[in-house]
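Accompanying notes for the structure given below.
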Amino acid sequence: MTNLKVYHLFALLSLELLANWQEVKSSQHYLLCITVVFFLRNVAIFGYSRKTLADEDLRSMIEANLTCRVDHHENCEEKLNEFLKRTYYVDAGHDNKDGMAKLNSKMAQIEGICAANRIFYLAVPQEALLDVALPLSDSAQTKHGWNRIIIEKPFGFTSLSSQRVTQSLLSRFEEKQIYRIDHLLGKDLIENLTVLRFSNLVFEPLWSRKYIRNVQVVFSEETSAETQGRVLWKLRDNP
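The sequence shown runs -26 to -1, 1 to 213 under mature numbering (1 follows the signal peptide of the UniProt record, and there is no 0).
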(Lines of atoms letter the chains of each structure in order from A and count residues from 1; the text may use other names and numbers.)
(Lines give C-alpha, C1' and ligand atoms only; values in the text may rest on other atoms or scores of the structure.)
Protein backbone atom coordinates (compact mmCIF):
# COMPACT_ATOMS: atom_id res chain seq x y z
CA MET A 1 0.00 0.00 0.00
CA THR A 2 1.27 3.47 -0.84
CA ASN A 3 2.15 5.37 2.31
CA LEU A 4 0.95 8.87 1.43
CA LYS A 5 0.23 10.51 4.74
CA VAL A 6 -0.61 8.96 8.06
CA TYR A 7 -4.08 9.39 9.49
CA HIS A 8 -4.56 9.40 13.25
CA LEU A 9 -8.07 8.09 13.87
CA PHE A 10 -9.80 8.37 17.20
CA ALA A 11 -12.74 6.04 17.74
CA LEU A 12 -14.85 7.46 20.55
CA LEU A 13 -16.67 4.39 21.85
CA SER A 14 -19.14 5.22 24.56
CA LEU A 15 -22.41 3.78 25.77
CA GLU A 16 -23.19 6.98 27.66
CA LEU A 17 -21.60 9.80 25.67
CA LEU A 18 -24.48 10.36 23.28
CA ALA A 19 -27.33 8.88 25.26
CA ASN A 20 -26.70 11.24 28.19
CA TRP A 21 -25.15 14.22 26.46
CA GLN A 22 -26.44 16.86 28.92
CA GLU A 23 -24.67 15.08 31.75
CA VAL A 24 -21.50 14.55 29.74
CA LYS A 25 -21.16 18.14 28.54
CA SER A 26 -19.80 19.24 31.91
CA SER A 27 -17.12 16.57 31.84
CA GLN A 28 -14.17 17.92 29.89
CA HIS A 29 -12.31 14.66 29.43
CA TYR A 30 -14.64 13.51 26.66
CA LEU A 31 -13.59 16.52 24.62
CA LEU A 32 -9.89 16.57 25.43
CA CYS A 33 -9.21 13.62 23.18
CA ILE A 34 -10.50 15.51 20.16
CA THR A 35 -9.20 19.04 20.76
CA VAL A 36 -5.67 17.77 20.28
CA VAL A 37 -6.27 17.25 16.58
CA PHE A 38 -5.95 20.97 15.92
CA PHE A 39 -2.22 20.26 15.81
CA LEU A 40 -2.52 17.46 13.28
CA ARG A 41 -3.25 17.64 9.58
CA ASN A 42 -4.54 14.32 8.36
CA VAL A 43 -7.01 13.30 11.03
CA ALA A 44 -10.49 11.85 11.20
CA ILE A 45 -12.60 11.49 14.33
CA PHE A 46 -15.28 8.82 14.71
CA GLY A 47 -18.02 8.84 17.29
CA TYR A 48 -19.58 5.45 18.03
CA SER A 49 -22.55 4.31 20.11
CA ARG A 50 -25.91 2.55 19.88
CA LYS A 51 -27.84 5.81 19.51
CA THR A 52 -29.04 6.60 15.99
CA LEU A 53 -27.44 9.86 14.84
CA ALA A 54 -26.10 11.35 11.63
CA ASP A 55 -22.67 12.88 11.14
CA GLU A 56 -24.20 16.35 11.38
CA ASP A 57 -25.79 15.55 14.74
CA LEU A 58 -22.40 14.69 16.22
CA ARG A 59 -20.85 17.79 14.67
CA SER A 60 -23.52 19.99 16.23
CA MET A 61 -22.83 18.50 19.66
CA ILE A 62 -19.10 19.07 19.32
CA GLU A 63 -19.51 22.58 17.93
CA ALA A 64 -21.58 23.61 20.95
CA ASN A 65 -18.73 22.69 23.30
CA LEU A 66 -15.58 23.52 21.35
CA THR A 67 -13.64 26.76 21.86
CA CYS A 68 -10.15 28.14 21.33
CA ARG A 69 -8.30 27.07 24.43
CA VAL A 70 -5.21 29.23 23.92
CA ASP A 71 -7.05 32.48 23.30
CA HIS A 72 -10.80 32.52 23.82
CA HIS A 73 -11.01 35.84 21.98
CA GLU A 74 -9.40 34.48 18.83
CA ASN A 75 -11.66 33.89 15.84
CA CYS A 76 -11.36 30.16 15.27
CA GLU A 77 -14.33 29.72 12.96
CA GLU A 78 -12.20 28.55 10.03
CA LYS A 79 -10.31 26.05 12.17
CA LEU A 80 -13.48 24.82 13.83
CA ASN A 81 -15.21 24.25 10.51
CA GLU A 82 -12.19 22.41 9.15
CA PHE A 83 -12.12 20.22 12.23
CA LEU A 84 -15.85 19.47 12.18
CA LYS A 85 -15.62 18.27 8.58
CA ARG A 86 -13.31 15.54 9.83
CA THR A 87 -15.76 14.10 12.34
CA TYR A 88 -18.04 11.16 11.55
CA TYR A 89 -20.51 8.98 13.39
CA VAL A 90 -21.24 5.26 13.38
CA ASP A 91 -24.25 3.77 15.18
CA ALA A 92 -24.01 0.12 16.13
CA GLY A 93 -23.88 -2.22 19.10
CA HIS A 94 -20.85 -1.97 21.34
CA ASP A 95 -20.40 -5.64 22.12
CA ASN A 96 -20.54 -7.40 18.77
CA LYS A 97 -18.23 -7.93 15.82
CA ASP A 98 -20.80 -6.71 13.29
CA GLY A 99 -20.85 -3.26 14.87
CA MET A 100 -17.07 -3.08 14.99
CA ALA A 101 -16.88 -4.28 11.39
CA LYS A 102 -19.21 -1.42 10.44
CA LEU A 103 -16.88 1.02 12.21
CA ASN A 104 -13.89 -0.52 10.47
CA SER A 105 -15.58 -0.20 7.08
CA LYS A 106 -16.32 3.50 7.52
CA MET A 107 -12.79 4.16 8.75
CA ALA A 108 -11.35 2.38 5.73
CA GLN A 109 -13.61 4.40 3.45
CA ILE A 110 -12.28 7.69 4.85
CA GLU A 111 -8.67 6.51 4.91
CA GLY A 112 -8.73 5.55 1.25
CA ILE A 113 -5.31 4.42 0.06
CA CYS A 114 -3.46 5.99 2.99
CA ALA A 115 -1.60 3.80 5.47
CA ALA A 116 -3.46 4.72 8.63
CA ASN A 117 -2.81 4.47 12.35
CA ARG A 118 -5.76 4.13 14.71
CA ILE A 119 -6.24 5.19 18.31
CA PHE A 120 -9.31 3.86 20.10
CA TYR A 121 -10.47 5.86 23.11
CA LEU A 122 -12.82 3.72 25.20
CA ALA A 123 -14.91 6.16 27.25
CA VAL A 124 -17.11 3.38 28.61
CA PRO A 125 -18.16 2.11 32.05
CA GLN A 126 -15.74 -0.35 33.60
CA GLU A 127 -18.34 -3.11 33.34
CA ALA A 128 -18.45 -2.71 29.55
CA LEU A 129 -14.72 -2.36 28.93
CA LEU A 130 -14.01 -5.93 27.84
CA ASP A 131 -17.32 -6.20 25.98
CA VAL A 132 -16.08 -3.34 23.81
CA ALA A 133 -12.36 -4.06 23.65
CA LEU A 134 -12.47 -7.71 22.61
CA PRO A 135 -14.78 -7.36 19.55
CA LEU A 136 -12.84 -4.23 18.65
CA SER A 137 -9.59 -6.18 18.60
CA ASP A 138 -11.10 -8.73 16.22
CA SER A 139 -12.91 -6.47 13.79
CA ALA A 140 -11.78 -2.82 13.94
CA GLN A 141 -7.99 -2.80 13.99
CA THR A 142 -6.11 -1.64 10.93
CA LYS A 143 -3.68 -3.99 9.23
CA HIS A 144 -1.84 -1.18 7.49
CA GLY A 145 -0.51 0.78 10.47
CA TRP A 146 -0.34 0.63 14.24
CA ASN A 147 -3.25 0.43 16.67
CA ARG A 148 -3.51 1.89 20.18
CA ILE A 149 -6.23 1.53 22.80
CA ILE A 150 -6.83 4.07 25.59
CA ILE A 151 -8.75 3.08 28.71
CA GLU A 152 -9.76 5.13 31.74
CA LYS A 153 -9.53 4.26 35.41
CA PRO A 154 -10.67 2.34 37.37
CA PHE A 155 -8.90 -0.71 35.99
CA GLY A 156 -10.95 -3.17 37.98
CA PHE A 157 -12.27 -2.76 41.52
CA THR A 158 -10.16 -5.39 43.28
CA SER A 159 -6.75 -6.94 42.74
CA LEU A 160 -8.36 -10.00 41.14
CA SER A 161 -10.66 -8.04 38.83
CA SER A 162 -7.76 -5.80 37.81
CA GLN A 163 -5.69 -8.86 36.92
CA ARG A 164 -8.60 -10.26 34.92
CA VAL A 165 -8.95 -7.03 32.93
CA THR A 166 -5.22 -6.90 32.27
CA GLN A 167 -4.99 -10.55 31.21
CA SER A 168 -7.99 -10.23 28.89
CA LEU A 169 -6.58 -7.12 27.21
CA LEU A 170 -3.14 -8.70 26.83
CA SER A 171 -4.74 -11.70 25.14
CA ARG A 172 -5.70 -9.38 22.25
CA PHE A 173 -3.28 -6.43 22.47
CA GLU A 174 0.39 -6.01 23.19
CA GLU A 175 1.33 -4.04 26.29
CA LYS A 176 2.82 -1.27 24.15
CA GLN A 177 -0.60 -0.80 22.53
CA ILE A 178 -2.44 -0.16 25.80
CA TYR A 179 -2.59 3.26 27.44
CA ARG A 180 -4.14 3.54 30.91
CA ILE A 181 -5.07 7.10 31.85
CA ASP A 182 -6.66 9.20 34.55
CA HIS A 183 -8.82 11.82 32.87
CA LEU A 184 -8.32 14.18 35.83
CA LEU A 185 -4.91 14.91 34.32
CA GLY A 186 -6.83 17.04 31.84
CA LYS A 187 -7.90 19.51 34.54
CA ASP A 188 -6.75 23.08 33.94
CA LEU A 189 -4.67 23.10 37.12
CA ILE A 190 -2.64 20.11 35.97
CA GLU A 191 -2.17 21.48 32.47
CA ASN A 192 -0.99 24.80 33.89
CA LEU A 193 1.85 23.05 35.72
CA THR A 194 3.30 22.09 32.35
CA VAL A 195 2.95 25.62 31.02
CA LEU A 196 4.57 27.06 34.15
CA ARG A 197 7.52 24.69 33.88
CA PHE A 198 8.37 25.09 30.21
CA SER A 199 7.75 28.84 30.04
CA ASN A 200 10.01 29.61 33.01
CA LEU A 201 13.77 29.34 32.52
CA VAL A 202 14.30 28.92 36.26
CA PHE A 203 11.83 26.07 36.75
CA GLU A 204 12.40 24.17 33.51
CA PRO A 205 15.74 22.47 34.38
CA LEU A 206 14.71 21.84 38.00
CA TRP A 207 11.18 20.52 37.60
CA SER A 208 12.13 17.00 36.54
CA ARG A 209 12.10 13.51 38.02
CA LYS A 210 15.71 14.07 39.07
CA TYR A 211 14.68 16.65 41.67
CA ILE A 212 10.96 16.04 42.27
CA ARG A 213 9.75 12.82 43.87
CA ASN A 214 6.03 13.43 43.42
CA VAL A 215 3.42 16.13 42.88
CA GLN A 216 0.32 16.17 45.06
CA VAL A 217 -2.72 18.19 44.05
CA VAL A 218 -5.85 18.46 46.21
CA PHE A 219 -9.15 19.32 44.53
CA SER A 220 -11.54 20.66 47.16
CA GLU A 221 -15.05 20.56 45.74
CA GLU A 222 -18.39 21.46 47.25
CA THR A 223 -20.37 19.12 45.01
CA SER A 224 -21.47 15.72 46.27
CA ALA A 225 -20.10 12.36 45.20
CA GLU A 226 -23.52 11.03 44.21
CA THR A 227 -22.70 10.92 40.48
CA GLN A 228 -19.67 8.76 41.29
CA GLY A 229 -21.68 6.38 43.43
CA ARG A 230 -21.30 3.39 41.13
CA VAL A 231 -17.51 3.52 41.40
CA LEU A 232 -17.29 4.51 45.06
CA TRP A 233 -19.75 1.86 46.22
CA LYS A 234 -17.76 -0.88 44.52
CA LEU A 235 -14.56 0.36 46.13
CA ARG A 236 -16.37 0.40 49.48
CA ASP A 237 -17.70 -3.12 49.03
CA ASN A 238 -14.34 -4.50 47.86
CA PRO A 239 -11.80 -3.20 50.39
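In this text, a Cβ means the ideal position worked out from N, Cα and C, and glycines have one as well.
First through last residue of the beta strand (DSSP E) which encompasses residue i
i	result
A18	17 to 23
residue 214	In the structure as shown, the chain starts at -26 and stops at 213, and residue 214 therefore has no counterpart that could be examined.
Best match in the options for proximity to residue i [C-alpha to C-alpha]
i	options	result
residue 214	V192, F193, T168	Because the chain here runs from -26 to 213, residue 214 falls outside it and cannot be looked at.
E126	L143, V106, N174, D156	D156
M35	E52, Y62, A66, K53	Y62
S194	F20, K71, L163	L163
V189	V176, N174, E165	E165
V192	L158, A97, E51	L158
F129	P99, E52, E30	P99
A89	N70, N16, D72, K25	N16
K71	L108, K117, E37, R138	L108
F131	G67, E101, E148, E56	E101
I87	R60, A97, K117	K117
Buried versus exposed call for residue i [16 or more other C-beta atoms within 10 Å across all chains shown]
i	result
N121	buried
K184	exposed
S79	exposed
A28	exposed
E85	buried
Q115	buried
F172	exposed
S111	buried
E196	exposed
R154	exposed
P179	exposed
L(-12)	Because the pLDDT of L(-12) is 31, which lies under 50, any placement of that residue in the model is unreliable, and the question is left without a value.
A82	exposed
V10	Its pLDDT being 36, under 50, V10 is placed unreliably by the model, and the measurement read from it follows with that caveat. Label assigned to V10: exposed.
V139	buried
Inter-residue CB distance, residue i and residue j (contact presumed, cutoff 8 Å)
i	j	result
S135	M74	Contact flag wrong, Cβ pair sits at about 24 Å.
Y22	V64	5 Å
S142	L104	5 Å
residue 215	L58	Since the displayed the chain opens at -26 and closes at 213, residue 215 lies outside it and no answer follows.
A123	Q151	A small correction: the amino acid at residue 123 is Ile; Ala does not occupy that position in the sequence shown. Sure, about 6 Å apart at Cβ, within 8 Å.
L54	L40	6 Å
G119	R92	7 Å
Beta-bridge pairing of residue i - partner residues as DSSP gives them
i	result
T61	I19
R122	I93
R154	I125
Terminal residues of the alpha helix (DSSP H) in which residue i lies
i	result
N166	162 to 172
A107	103 to 113
R33	29 to 37
N78	71 to 85
R138	133 to 144
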